[in-house]
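One line per chain: the protein sequences are B and F, in this order. The first sequence begins at 1 in our numbering and counts up by one. The second sequence begins at 302 in our numbering and counts up by one.
2 protein chains.
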Amino acid sequence: MSLYNLNRLRHFVEVVESGSFTAAAKKLGLGKAIVSHQVAKLEEELGAGLLVRTTRSVQMTEAGQRFYENAAEILAQAERAVQELQQEQEIPSGLLTVTAPEDYGQCVVARALMRLRVKYPKIRVNAVFTDEKLDQLKEKIDVSIRVGWLEDSSAIARKIGSFQQYTVASPQYVEAMGPITTPMDLQDKDWIYHCKLPAGILWQSAEGEEVQFVLQNPPITVWNTLTSHACALGHGGLCLLPSFQIREDLASGRLQRVLPGWHHKEGGIYALFPNSRFRPAKTKVFVEELIKAHKEVRDVF
Amino acid sequence: MSLYNLNRLRHFVEVVESGSFTAAAKKLGLGKAIVSHQVAKLEEELGAGLLVRTTRSVQMTEAGQRFYENAAEILAQAERAVQELQQEQEIPSGLLTVTAPEDYGQCVVARALMRLRVKYPKIRVNAVFTDEKLDQLKEKIDVSIRVGWLEDSSAIARKIGSFQQYTVASPQYVEAMGPITTPMDLQDKDWIYHCKLPAGILWQSAEGEEVQFVLQNPPITVWNTLTSHACALGHGGLCLLPSFQIREDLASGRLQRVLPGWHHKEGGIYALFPNSRFRPAKTKVFVEELIKAHKEVRDVF
DNA sequence: TTGATTGTCTCTATTTTTCATACAGTATGT
DNA sequence: ACATACTGTATGAAAAATAGAGACAATCAA
């Protein structure tokens, strides 16, 4: 097909509407030579005369008349298409699909999403809180939240924040254990073990001391942190849980930290995006909201 | 506005429909590098990601999905506009406005136009037979027929054919005149003078002899050849008339040539077109038809 | 692992677009 | 009739966009 340059169309339409090449050129901010040349080229492409020029005036041919209407319509439609797109770019809207691990999803992401809905009602939310790893493309996921430590991934990541891990237990269980002074005292206690995490537990004191031991035959094995949490609340024993998950339990006293002088490895929260050159507005505003929500639950104790 | 290249749109749409850059490039007959580059440029222009690429597959973003529909529509419309135009270019149609002098119009052009209508029913005809000179642009005249000798004009001319001028009179008048042997014998006869033509009459013999005289106080002055014709038929006197006008009269004997051994200056029939780079089909076929019609009336005697 | 396929990148050649200037024809006002 | 102002066009150089060939990294299937 011959027609491919919308600017030519624009020039032609402008000439028709202005009634003169010079006026059109002025309006378009171009030299009149260009407009003349472009319209001539358009005619050549189309193999038909559109305008009849004399040195003093411009008139449309019959073909030009008919083509003008089409041309104007095409331009209008093109403009509409672009505007529609850019409006979407500015006003966050559309379906936002977010995945996150179950625990972090429930504790933080859900709140961020609900606030987002209040701010931007045109965003529809699809929250997939699961510990499974989904196909970002197939499920059309806009943002994947990863908690912990990133493996390599082709996707682009943005750090949302960090979290601490705390060794906690219910007050009852702590009392039953009796006094504890060093991590090694905990080695043979009742650990609630999250099987997807490494069995080795690393302790770091404020002074830089390091102690590590590996859980041998933990009496309770669970498959996700929500279960760990439930077991700990049920006085099942010791449990390593992320700070964001136990914020309220620590505040209310339903759980308490064991050996608060010792810390575990800090983890990160990351947002992963599909590998696209541009990030839609809905994604941007969600990430901002998530960062805000995360700050509220960070490092409670 | 940013969007201006329809080829980009075409590439994008093709990628979406093929589901792959490589397939799209193949279909478009281009290198995949170009397609990739063009689509990237389109995204840049729009400030929005349209496609999410991985090394193995291409997926549309939400924005891309929506834009795709608009893009496809725009392309379809552009194609339609071009086709419509080019079809018009091939199948003669539309309003054909023709001007011609009254006499030639009635004698030749009308016939050509009527034949044209039979051949190409989609042509509508606007026949303006008048001796006035009209504004070609203002009246949207596609073809102006000029009879005689061209003055300068910015319009483009095409010669349709030529015609002779004959000095004629009715048989009665010729008989009344008595025997005539040389042009000078006619100088003081009753001339029917067409005031828009020069008063000087030039005679050329077959042997190359030239005689010229100027009409002094012609007894009958008329303003157009149709009147001349009528006066001649009414035995008013001698009259210089174009061949196409008196073809039938000569055949039927109602008029007859005077001094057929002497000739007058040959005239031409010209078609003038508006100064347009391209000539619509309707114009082309009309000119052909007119040439054919003219041949039939040319140089009867 | 290899081999095939994907999309992208780089470099170069070609085409297109733009600009500034000069030009020719025509209407207008004196 | 004349100059003036205005029209659209032609020309040639500079800038930009487009096209093509080959190499590259990433992925999937065997």
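Idealized CB from N, CA, C, for every residue including glycine.
Closer than 9 Å to chain F by CB, residue i
i, result
"residue 38 of chain B", "no"
"residue 157 of chain B", "no"
"residue 48 of chain B", "yes"
"residue 10 of chain B", "yes"
"residue 196 of chain B", "no"
"residue 133 of chain B", "no"
"residue 2 of chain B", "yes"
Cβ of residue i within 9 Å of any chain B Cβ
i, result
"residue 368 of chain F", "yes"
"residue 678 of chain F", "Because chain F is modelled from 302 through 602, residue 678 of chain F falls outside the range shown and cannot be assessed."
"residue 355 of chain F", "yes"
"residue 306 of chain F", "yes"
"residue 360 of chain F", "yes"
"residue 445 of chain F", "no"
"residue 472 of chain F", "no"
"residue 423 of chain F", "no"
"residue 441 of chain F", "yes"
Simplified DSSP state of residue i, which is helix, strand or coil
i, result
"residue 474 of chain F", "helix"
"residue 220 of chain B", "strand"
"residue 195 of chain B", "coil"
"residue 77 of chain B", "helix"
"residue 342 of chain F", "helix"
"residue 421 of chain F", "coil"
"residue 167 of chain B", "strand"
"residue 229 of chain B", "helix"
"residue 437 of chain F", "coil"
"residue 407 of chain F", "helix"
"residue 387 of chain F", "helix"
"residue 536 of chain F", "coil"
"residue 354 of chain F", "strand"
"residue 564 of chain F", "strand"
"residue 309 of chain F", "helix"
"residue 271 of chain B", "strand"
"residue 182 of chain B", "coil"
"residue 256 of chain B", "strand"
Separation of residue j from residue i, as counted between CA atoms
i, j, result
"residue 568 of chain F", "residue 9 of chain B", "45 Å"
"residue 479 of chain F", "residue 553 of chain F", "22 Å"
"residue 52 of chain B", "residue 281 of chain B", "48 Å"
"residue 257 of chain B", "residue 123 of chain B", "39 Å"
"residue 472 of chain F", "residue 506 of chain F", "22 Å"
"residue 443 of chain F", "residue 584 of chain F", "7 Å"
"residue 275 of chain B", "residue 26 of chain B", "43 Å"
"residue 215 of chain B", "residue 201 of chain B", "8 Å"
"residue 271 of chain B", "residue 196 of chain B", "20 Å"
"residue 186 of chain B", "residue 180 of chain B", "8 Å"
"residue 76 of chain B", "residue 69 of chain B", "11 Å"
"residue 418 of chain F", "residue 476 of chain F", "44 Å"
"residue 278 of chain B", "residue 227 of chain B", "38 Å"
"residue 616 of chain F", "residue 89 of chain B", "The structure shown does not extend to residue 616 of chain F, since chain F is modelled only from 302 to 602, so the question has no answer here."
"residue 159 of chain B", "residue 261 of chain B", "27 Å"
"residue 518 of chain F", "residue 451 of chain F", "28 Å"
"residue 465 of chain F", "residue 428 of chain F", "25 Å"
"residue 485 of chain F", "residue 491 of chain F", "13 Å"
"residue 269 of chain B", "residue 114 of chain B", "19 Å"
"residue 129 of chain B", "residue 104 of chain B", "8 Å"
"residue 462 of chain F", "residue 596 of chain F", "8 Å"
"residue 23 of chain B", "residue 15 of chain B", "7 Å"
"residue 375 of chain F", "residue 28 of chain B", "22 Å"
"residue 555 of chain F", "residue 521 of chain F", "20 Å"
"residue 333 of chain F", "residue 384 of chain F", "28 Å"
"residue 437 of chain F", "residue 445 of chain F", "8 Å"
For the segment 14-46 of chain B, which residues have a beta carbon sitting closer than 9 Å to at least one beta carbon of chain F?
40, 43, 44, 45 and 46
Stretch-stretch touch, CB-based, cutoff 8 Å, three pairs: the segment 503-510 of chain F with the segment 535-551 of chain F
no
Do the segment 395-412 of chain F and the segment 97-112 of chain B touch if we need at least three Cβ pairs shorter than 8 Å?
no
Counting Cβ pairs closer than 8 Å, one from the segment 56-73 of chain B and one from the segment 282-291 of chain B, do we hit at least three?
no
Name the residues in the segment 364-391 of chain F whose C-beta lies less than 8 Å from a C-beta of chain B; which are they?
364, 367, 368, 371, 372, 374, 375, 378, 379, 380, 381, 382, 383, 385, 386, 387, 389 and 390
Taking contact to mean 3 or more Cβ pairs, one atom from each stretch, closer than 8 Å, check whether the segment 343-351 of chain F and the segment 386-397 of chain F are in contact.
no
Short-range partners of chain F found in the segment 188-212 of chain B, where Cβ spacing is below 7 Å
none
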